[in-house]
Each structure stands twice: as structure tokens, then as C-alpha cells.
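Asks: Before anything else, here's the structure in question.
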Amino acid sequence: MRFGRCLLGPWLLLNLACIPACGGDPPAAKHASVGERVETLLEAMSLEDKVAQMHGQSIVAMGGLWHTQENETHKIPGFKMVDGPRGVRAGKATTFPVGIARGATWDPALEKRVGQAIGLETAAKGGNVILAPTINVLRHPRWGRAQETYGEDSFHIGEMGVGFIEGAQEHVIASAKHFAANSIENTRFTVDVQLDERTLREVYLPHFEKAVKVARVGSVMSAYNRVNGHYCAENEHLLRDILKGDWGFDGFVESDWIFGTRSTVPSALAGLDVEMPLAAYYGPPLVAAVENGEVPMDVIDDAVRRILRKKFEFKLDDPAIVDPAVVESAEHTALAREVAGKAIVLLRNEMGALPLDPATTKKLVVIGALANTANLGDTGSSNVVPSYAVTPLDGLMARAGLTVVHVPGPTLSAADEAAIADADAAIVVVGLTSADEGEDIEGVSAGDRKSLGLHEEDVALIESVKANSPRTIVILEGGASILVEPWIQGTEGVMMAWYPGQEGGNAIADVLFGDVNPSGKLPMTFPIAETQLPPFVNDADVVTYGYFHGYRHIDHENLTPSFPIWLRPLVHDVCVFRFSARRDLDRASRRARCACRRDECGAACGRGGRAVIHQRAAKRGDAGAEGAACICACGARCGAEENGRPHDPRGRACVLGRCEGSVRRGADDV
Numbered sequence: 001m002r003f004g005r006c007l008l009g010p011w012l013l014l015n016l017a018c019i020p021a022c023g024g025d026p027p028a029a030k031h032a033s034v035g036e037r038v039e040t041l042l043e044a045m046s047l048e049d050k051v052a053q054m055h056g057q058s059i060v061a062m063g064g065l066w067h068t069q070e071n072e073t074h075k076i077p078g079f080k081m082v083d084g085p086r087g088v089r090a091g092k093a094t095t096f097p098v099g100i101a102r103g104a105t106w107d108p109a110l111e112k113r114v115g116q117a118i119g120l121e122t123a124a125k126g127g128n129v130i131l132a133p134t135i136n137v138l139r140h141p142r143w144g145r146a147q148e149t150y151g152e153d154s155f156h157i158g159e160m161g162v163g164f165i166e167g168a169q170e171h172v173i174a175s176a177k178h179f180a181a182n183s184i185e186n187t188r189f190t191v192d193v194q195l196d197e198r199t200l201r202e203v204y205l206p207h208f209e210k211a212v213k214v215a216r217v218g219s220v221m222s223a224y225n226r227v228n229g230h231y232c233a234e235n236e237h238l239l240r241d242i243l244k245g246d247w248g249f250d251g252f253v254e255s256d257w258i259f260g261t262r263s264t265v266p267s268a269l270a271g272l273d274v275e276m277p278l279a280a281y282y283g284p285p286l287v288a289a290v291e292n293g294e295v296p297m298d299v300i301d302d303a304v305r306r307i308l309r310k311k312f313e314f315k316l317d318d319p320a321i322v323d324p325a326v327v328e329s330a331e332h333t334a335l336a337r338e339v340a341g342k343a344i345v346l347l348r349n350e351m352g353a354l355p356l357d358p359a360t361t362k363k364l365v366v367i368g369a370l371a372n373t374a375n376l377g378d379t380g381s382s383n384v385v386p387s388y389a390v391t392p393l394d395g396l397m398a399r400a401g402l403t404v405v406h407v408p409g410p411t412l413s414a415a416d417e418a419a420i421a422d423a424d425a426a427i428v429v430v431g432l433t434s435a436d437e438g439e440d441i442e443g444v445s446a447g448d449r450k451s452l453g454l455h456e457e458d459v460a461l462i463e464s465v466k467a468n469s470p471r472t473i474v475i476l477e478g479g480a481s482i483l484v485e486p487w488i489q490g491t492e493g494v495m496m497a498w499y500p501g502q503e504g505g506n507a508i509a510d511v512l513f514g515d516v517n518p519s520g521k522l523p524m525t526f527p528i529a530e531t532q533l534p535p536f537v538n539d540a541d542v543v544t545y546g547y548f549h550g551y552r553h554i555d556h557e558n559l560t561p562s563f564p565i566w567l568r569p570l571v572h573d574v575c576v577f578r579f580s581a582r583r584d585l586d587r588a589s590r591r592a593r594c595a596c597r598r599d600e601c602g603a604a605c606g607r608g609g610r611a612v613i614h615q616r617a618a619k620r621g622d623a624g625a626e627g628a629a630c631i632c633a634c635g636a637r638c639g640a641e642e643n644g645r646p647h648d649p650r651g652r653a654c655v656l657g658r659c660e661g662s663v664r665r666g667a668d669d670v
């Protein structure tokens, strides 16, 4: 923010140790008197009183909090909003791994714990609205804010978003953002995203629908961009027809900051309830529009009713007292370390190079400037500042009985080469920083990526280390896919650590030495080359989003990526992780079923549990072709229909077409 049903493709396993059915009452339980209280206030409030509820107070955050107006006469509290996809952006706070790293855990239950921690710290800071989660589709990994979301798959994003929202809303109001089709950074203020209704509803909206219907999110932030010709804050089809109409959303919609509101009358009529961070188009201009008959009073009443309802449902008028000591508490920093470890994806492990054996690994050379850098991610609106951060070098140096030598690079001296040759292993830490990707804020962070590759000097450094070390382990940091060919050849191990948060260095050391199994799974495709993906156009006024992106595009075009989405853990030799699927294929009816079994040994094993199978039916040539697939819980029968559409009694199937066909077998099968 600020200047900041089925999927196509190879069948997809989702690790759903974590996907319980969710629902129930909102965390701040509704009282029968809330509705009556709201209606009584609406009767008593003047037009000016009502409109004052519909905008922020200042372009400057106070203590990190963005305020809306209180009304002392009617005892109405104001909102105190704070940024926070990876923590609370108000002073010092626990800095968790970025959203894409948490998406790599595929664990909504774990994400709920993160939401609980961030929500609690928000309350401790005096906030009552956390501007998170970011649940936009990662359409292309060059998107600057890819790190904030959970991945490229709508179903997965929705499940993770539900986890965060349910956790956060135990303490504060959550805000699902940015609604909708917001996946380009450099032209985010003006770009017009053109897409058909099917693509909109099946690819770019299901996760928002789940946030509304399952998690009952309290607020939604409209995006900067346009969708089919209309700015999102003026888009009646998005805000009134779909969000408030089809989905029954009973919360409020706030604009993104400053350029998120472009008008008075069109925005109010479309369903924008709150202009942030101050009144440029609302306030006096909105009062005048009502008095002139351009905006009906019932539009104002609907907006204020939504605002008041959430204020009283979440007890903003009687907030709980939260001990400030919860901020960066031992419990929360331990959770940050746990999440960082579970997010790491092991991309390569040749000849059992990992884990490192403490008994035989006595000397490490750690190479690269990022090894000694607290690389926490974007420095825009999602930036969180911890009181400390553990670098990879710190984490390794803290291990007893280990000698660690740091070589900054990017070039190696003769002494560096000798040290690398003499070490038991060489750990190269390379990747991206906020200078490469992030929110598009001039002089602060970089916006969209210029390429998917590593910097040339990083590739040269890896090649130099490989030439001198018999055991080269590469640790990648960054917010989305990184091209690994051809430098990955000749390495013994490669791990994707993302932007791992303030405890990331400890988590990396935990995984390298086998204390924690790298159970992360990729939440997006790692292509061999950018040409395997749809074009990423971030300098045009108008772009068209097709139905296929990410792994669906890869499969639709019969391509083979470097690493597919849900790349399963390549576990350490210390533990044998067995995950098997029994396929029961009825070739006559061409319906597929599966039964899954998971065995594990020891606490360090990879996590499994229930699975969701993405079953691919006939090869589709276009959106209208017959034989779409569906996501269904393992063991559930595919092919059942309800009202002529595929239906899973657990509510997890979603697309047009029939769930019929055979399970595709391939290198990325279980």
C-alpha cells in the first residue's frame, strides 16, 4: 500500500496438514445490541458526523498509526491502521519472514499463529486495524511485491490468507489487500488491467472471496490500478456487485493511500467507504455532493453502517489492555525462527551433501556480502524494523565447535581460494535485496525486477567457488523465482531461503546442520528461462491478463520448468520421509480417486498429512475446451456435480467443466 473450479495443469499436491475447515463467529463476538446501536447512532448523527467517519485524518502516520476521526459526542472511536504483512510497522516489532516465505510452508495453521502474533503486537502498539494480508496473485515473479503475497495459486493464497486473518482478528481488524488484479508495481497508479469475467472470478478473486466468506475479514483495501477501465475505488462491479453483493461482505472498504482515491461521486457510488489517509475527495466535497443530490443519503448511511458495525463488533470502544512486552517476545521470535526454517526449500542435494555432519564439519567458509547482511526484504510500506536480526553468518558462527571464515566477495583473492579449498564446505549466500525488488518508491525501494536472474557478479562468484571447493552449497535469498541455469550444475546443494526475517540466520543454520528438515515447498514455478512465462509488461497503460499464468501456463504450453510449484522436500539422509499415494483408476468411467498415506520418523522429518490433488483431465486447448480439472481432498471422489458444476462436499472444488480424466504421472508426481 501507500506510494506505495479448478486449476489447469499437472495435478498439484498441496500440503494440507494444514487445511482444516474454517468458519464460525468473528473473533470479536457479535452482540445483539450492535445492530441496534448502529441504527440509533445513524439516526442521531448529522451528515457532517457521518462523512467524518469516512476518511483519514493526516498524510503523516502518528507513531506508525494512521488515524480516522473519533466522535466524542457520540462516543465513536476512530480507526488506528498500521502496515504489516510481515510484522507491525510501528517502531520495533517482530519481523517475520515475508509472505512468500510463509506461503512456502503451505501451512495455514502456522500462518494463523503468525496472524495471532502480529495482531497481538498491533494491539500492543495501540493499533486496531492491521493492513494485511496481501493476497494478490503472483502472476509473474518480476512483480516487485511478489514477496508480500503467498504464491501463484488462488486456492493456496486463499487458504493461507484465511489462516492469517483468523489469527489476526482475534485481536484487531484485518484488511485483505489489494482488491483487485494488482500484480504490477511500476505502473500501479494508472495501469488498466483488462480481463474477461471468467478469468477475473476464477483466477484473481477466489482468494478474496474466501477471505470474506470463510475468514469474515473486517475490511478490504481497494487497489490503485484500474480493472476493465475503472479505477478499483470507482469500480462498482468489483465493490458493489461482487464484493458486497455476490459475496455478502458486511465490512468496510478503504482506499489505498493517496492515489487510491480519484474522485468523490464515482467512488462513493461505487462503494468506497473510507478514503485514506486523509480527505482529498471525501470530507467537505462529499458533504457537498450529498447536499447537491449527486450522492444519495442511503449511500452514506450504508458506508457508515459498515464502519460502525466493525468498530463495535471488534470492541474498538472498549479495547483490551495488551502488555507491550508481547512485542518481540521470546515466543514471537521463536515463532519467527520456526517459520523461517519451515519455509526453506531444498532445491538440490547431490550425493547427500546436506545436512552437514557436525562430527566431520569443523570449518566452513561463508561467502558473499549477503552472508553478513540482515536481508529482511522490501523497505517500502511492508518494512518492519526489529531490535536485532540474525544474519546467516551470525547463525553459523553461533554453533559450538565450528570455525567460520567469511569471504565477502564478489571476487576471490588467492588467500580466499586457499581457504575455500581447505574448508569442509563452502556456503555461498547470494540473491536479491530491496535494491532489486519491492514497492515502487523512488529512492526507497526498487519496484519491479529487471530480470529473473542473479547479478552477473553473483554467478561469477558461484563459479569461482565451485572451482575451488569440493562441496559448494548455495543459499538463495529473494522474493520470488530466481533463474538457476546453468550455474546450479556442479553445486552440491541449493536452498531457497527467501527473505527469512529477523531469525533467518539461525533458521538457515538449523537447516544446514539437520536440526530442522527443509520442509518448504515452492509456492510458485521456477522457470528455466523467463520466456517460459507470459510476458511481463510493466510500462504500458493497458495490459491484458489471460487465464493462464505460472504453472498453468507452463502446463498449457507443454513446458518443463527448472522446478515446479509444490516442489516437494528433498529430505536429509538423517530421516527417510515416505509419502505414497495409492491411485485407484477406473478406466471405464475415467474417474480418478486416490488414497494417501504418510509415514514419518522423528521430529526432523518432512511434514505431510492430508493432500489435495490437482487432477488433470483432458489436455485443454482453450478456456472453453472440455475436461477441466478440479481440486478435491485426497480420497474424495471426483466428478460429482451440483447445479451442473463440479462439486466437492468439502467446498474445495471450483471450476467450470467436469472432474473427469486420469491422473497425470511425471517427474513431479509424489
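Under this note's numbering, the first residue of the sequence shown carries the number 1, and numbering increases by one thereafter.
The beta-carbon is built from N, C-alpha and C at its ideal position, and this holds for glycine as well.
Secondary structure at residue 118, three-state DSSP: helix, strand or coil?
Replies: Helix, per DSSP.
Asks: Hey, out of 121, 258, 211, 260, whose CA is closest to residue 247's CA?
Replies: Nearest of 121, 258, 211, 260 to residue 247, Cα basis: 211.
Asks: Hey, which unbroken runs of the beta strand (DSSP E) at 3 residues or more fall wholly within the region 65–100?
Replies: As far as the region 65–100 is concerned, its whole beta strand (DSSP E) runs of at least 3 residues are 80–83.
Asks: Pull up the CB-CB distance for residue 425 and residue 488, whole angstroms please, since I reckon it's below 8 Å.
Replies: Between residue 488 and residue 425 the Cβ distance is about 17 Å, and since that is not below 8 Å, they are no contact.
Asks: DSSP beta-bridge partners for residue 526?
Replies: Residue 526 pairs with 563.
Asks: Report the option in 236, 439, 292, 387 whose CA atom is closest to the CA atom of residue 273.
Replies: Measuring from the Cα of residue 273, the nearest candidate turns out to be 236.
Asks: Once you ignore the five residues that flank residue 115 on each side, which residues in its own chain have a CB closer than 7 Å to its CB?
Replies: So the qualifying residues of the chain are 163, 164, 165, 166, 167, 168.
Asks: Residues in the same chain with beta-carbon distance under 6 Å from residue 171, minus the five sequence neighbours each way, listed in chain order, please.
Replies: Same-chain partners within the cutoff: 119, 120, 123.
Asks: What residue does the beta strand (DSSP E) around residue 477 start on, and which one ends it?
Replies: Note, residue 477: beta strand (DSSP E), 472–477.
Asks: Please classify residue 388 as buried or exposed, where buried requires at least 16 other C-beta atoms within 10 Å of its C-beta.
Replies: Exposed, by the Cβ-count rule.
Asks: With a floor of 4 residues, list each alpha helix (DSSP H) that falls wholly inside the region 306–384, ordered by position along the chain.
Replies: The region 306–384 contains these whole alpha helix (DSSP H) runs: 330–343.
Asks: Taking Cβ positions, are residue 505 and residue 394 nearer each other than 8 Å?
Replies: Yes. Within cutoff.
Asks: Drop a sphere of 10 angstroms on the beta-carbon of residue 344, count the other beta-carbons inside from all chains shown, and report buried for 16 or more, exposed for fewer.
Replies: Residue 344 is buried by the Cβ-count criterion.
Asks: Tell me which residues share the same chain as residue 322 and place their Cβ nearer than 6 Å to its Cβ, disregarding the 5 neighbours each side in the sequence.
Replies: Within the same chain, residue 322 has close Cβ partners 123, 124.
Asks: Could you check whether residue 87 and residue 449 sit closer than 8 Å to each other, using their CB atoms as the reference points?
Replies: No; because the gap between Cβ atoms is not below 8 Å, this pair is not in contact.
Asks: Excluding the five sequence neighbours on either side, which residues of its own chain have a C-beta within less than 6 Å of the C-beta of residue 350, listed in chain order?
Replies: Hits under 6 Å: 492.
Asks: Which residues in the same chain as residue 540 place their Cβ atom closer than 6 Å to its Cβ, once the five residues preceding and following it in sequence are excluded?
Replies: Result list for residue 540: empty, nothing under 6 Å.
Asks: From residue 130 to residue 485, what does the alpha carbon distance come to, in whole angstroms?
Replies: Whole-angstrom Cα-Cα distance: 40 Å.
Asks: In the DSSP assignment, find the unbroken alpha helix (DSSP H) run with residue 287 in it and report its ends.
Replies: Note, residue 287: alpha helix (DSSP H), 284–291.
Asks: List the residues that DSSP assigns as beta-bridge partners of residue 57.
Replies: DSSP output for residue 57 lists 278 as bridge partner(s).
Asks: For residue 164, name the three-state secondary structure that DSSP assigns.
Replies: Note: residue 164 maps to helix in three-state DSSP.
Asks: Can you look up residue 503 in the DSSP assignment and give me helix, strand or coil?
Replies: Coil at residue 503, not helix or strand.
Asks: Would you mind giving the Cβ-Cβ distance between residue 134 and residue 85, rounded to the nearest angstrom? I have them listed as a contact below 8 Å.
Replies: Residue 134 to residue 85, Cβ: 5 Å. Contact.
Asks: Using the Cα positions of residue 516 and residue 160, report the straight-line distance between them to the nearest angstrom.
Replies: Rounded to the nearest angstrom, the two C-alpha atoms are 22 Å apart.
Asks: Can you list, in chain order, the residues of its chain with a C-beta nearer than 6 Å to that of residue 530? Leave out the 5 residues immediately preceding and following it.
Replies: The answer, listed in chain order, is 452.
Asks: Helix, strand or coil: which one does DSSP assign to residue 267?
Replies: If DSSP states are grouped into helix, strand and coil, residue 267 belongs with the helices.
Asks: Helix, strand or coil: how does DSSP classify residue 169 here?
Replies: It is coil, neither helix nor strand.
Asks: Give me the Cα-Cα distance between residue 310 and residue 267, rounded to the nearest whole angstrom.
Replies: Near 21 Å, if we compare the C-alpha coordinates of residue 267 and residue 310.
Asks: Kindly identify the DSSP beta-bridge partner or partners of residue 131.
Replies: According to DSSP, residue 131 bridges with 83.
Asks: Tell me where the beta strand (DSSP E) around residue 430 begins and ends.
Replies: It spans 425–431 - the beta strand (DSSP E) in which residue 430 sits, taken as one unbroken run.
Asks: Classify residue 288: buried if its beta carbon has 16 or more other beta carbons within 10 angstroms, exposed otherwise.
Replies: When all chains shown are included, residue 288 counts as exposed.
Asks: Please go through the same chain and pick out, in chain order, the residues whose beta-carbon is closer than 6 Å to the beta-carbon of residue 438, but skip the five residues on each side of it.
Replies: Excluding sequence neighbours, residue 438 sits near 144, 378, 380, 445, 446.
Asks: Does the beta-carbon of residue 383 have 16 or more other beta-carbons within 10 angstroms, so that it is buried, or is it exposed?
Replies: The residue in question, residue 383, is buried, as its Cβ has 16 or more Cβ neighbours within 10 Å.
Asks: Tell me whether residue 510 is buried or exposed, calling it buried when 16 or more other Cβ atoms sit within 10 Å of its Cβ.
Replies: Looking at its Cβ environment, which holds 16 or more other Cβ atoms inside 10 Å, residue 510 is buried.
Asks: Less than 8 Å between the CB atoms is what I'm expecting for residue 339 and residue 110, so what's the real figure, rounded?
Replies: Confirmed, about 6 Å.
Asks: So, using beta-carbon positions, are residue 253 and residue 219 closer together than 8 Å?
Replies: Yes; because the gap between Cβ atoms is below 8 Å, this pair is in contact.
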